[in-house]
Amino acid sequence: MDVKDSNGNLLAEGDSVTLIKDLKVKGSSLTLKRGTMVKNIRLTNSPAEIEGRAGGSTMVLKTEFLKKA
Numbered sequence: 001m002d003v004k005d006s007n008g009n010l011l012a013e014g015d016s017v018t019l020i021k022d023l024k025v026k027g028s029s030l031t032l033k034r035g036t037m038v039k040n041i042r043l044t045n046s047p048a049e050i051e052g053r054a055g056g057s058t059m060v061l062k063t064e065f066l067k068k069a
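Under the UniProt record's numbering, the first residue of the sequence shown is numbered 1, with each subsequent residue one higher.
Here it is, written out as structure tokens:
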């Protein structure tokens with residue numbers, strides 16, 4: 001399964017990615033700002049999602065809002 005970022009670059013376990021858009025976190029008043037770095041990502045079963053630590057907690061992020069750092 002190939003997991004690609006918004007620019008079409010392949011993502012792998014342990015890569016670092018950057019947010020390309022401000023994202024509101026559901027169920028929280030937290031907003032992740034554009035340019036936030038998410039390090040040491042983990043791939044999920046879905047090619048459209050990755051898991052990583054951002055904003056002090058682990059969350060699932062859609063790859064359409066990320067670019068490889």
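Cβ atoms here follow ideal geometry from the backbone N, Cα and C, with glycine treated the same way. Predicted model only: the values in this text are computed from it and were never measured.
Beta-carbon proximity check, residue i vs residue j, cutoff 8 Å
i, j, result
"Val25", "Thr31", "yes"
"Ser6", "Thr44", "no"
Start and end residues, beta strand (DSSP E) containing residue i
i, result
"Leu66", "Leu66 to Lys68"
"Met59", "Ser57 to Lys62"
"residue 79", "With the chain covering 1 to 69 only, the question about residue 79 has no answer from this structure."
"Ile50", "Glu49 to Ala54"
Residue i burial status per 10 Å Cβ neighbour count (16 or more: buried)
i, result
"Thr58", "exposed"
"Asp15", "buried"
"Val60", "exposed"
"Ala54", "buried"
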